[in-house]
Amino acid sequence: MREKRNTKRKTEERVLLMPEERELALILQELRGKVEQAQEERRLDYEMYDECRQLLFRLDLLVPYSGIMPPALQERIANLIMEDTPRLLYPYLALGEESMRSVRREAVAGIRFMAAEAKRIVGAIQEYERQGLASQAAFISSWYKKK
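Quick note: to get the working numbering, add 2 to the position in the sequence shown (first position is 1).
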């Protein structure tokens, strides 16, 4: 029991240190700029560029929710944006052309995995909002049925 309380306290402390929405948006903007620049320089093929854009789009959808979700989800969103995505994209974009080709498959797989995780989180948020709206609609309709 005590261990559970300590874990909860540590999670709450980490959430207090979480970045603000603006900081996450700036990180995504910088990542988007790097991807666009690499595409303009013809260093990214179409598939890699498309996968990066899809990932960044999904992460963009998560930014407004980064401060209002449960602590574990807030931490996951922040990790995806601040750590995981830059940790994969920056080294990949810094590679030479031959090296990029040799690790391309692994990089695409990593980006797809992160995009799937972001999509799963977006889906969970949408389902939560849908349930909240359905509950609110039921409450309002029951209120007016009483009158």
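Every residue gets a Cβ at the ideal spot worked out from N, C-alpha and C, and that includes glycine.
If you measure between the beta carbons of residue i and residue j, is that distance less than 9 Å?
i	j	result
Met50	Val110	yes
Leu57	Thr87	yes
Glu22	Gly98	no
Leu26	Met84	yes
Ala40	Leu82	no
Skipping 5 residues on each side, what residues in its chain have a beta carbon closer than 8 Å to that of residue i?
i	result
Arg60	Ala117, Ala120, Lys121 and Val124
Glu53	Val110, Ile113, Arg114 and Ala117
Between the Cα of residue i and the Cα atoms of the options, which residue gives the shortest distance?
i	options	result
Val65	Ile79, Ala126, Ser144 and Leu46	Ile79
Tyr67	Leu90, Leu95 and Arg24	Arg24
Ser101	Ile29, Ala126, Leu30 and Arg45	Arg45
Pro93	Arg55, Asp47, Tyr48 and Lys36	Lys36
Leu30	Ser137, Ser104 and Arg55	Arg55
Tell me the rounded alpha-carbon separation between residue i and residue j.
i	j	result
Arg106	Arg34	19 Å
Ser143	Glu131	18 Å
Lys147	Gln76	39 Å
Glu32	Trp145	49 Å
Met71	Leu28	20 Å
Tyr48	Arg103	13 Å
Phe141	Gln133	12 Å
Glu108	Glu42	22 Å
Glu129	Glu38	32 Å
Which same chain residues, not among the five before or five after residue i, have their C-beta less than 6 Å away from its C-beta?
i	result
Leu90	Gly112
Ile127	Tyr67
Got a sec? Which residues, its chain only, sit under 7 Å from residue i by beta carbon, not counting five neighbours each side?
i	result
Ala139	none
Using a Cβ-Cβ distance under 9 Å, would residue i count as near chain B?
i	result
Met50	Although the question refers to chain B, the structure presented lacks it and comprises just one protein chain.
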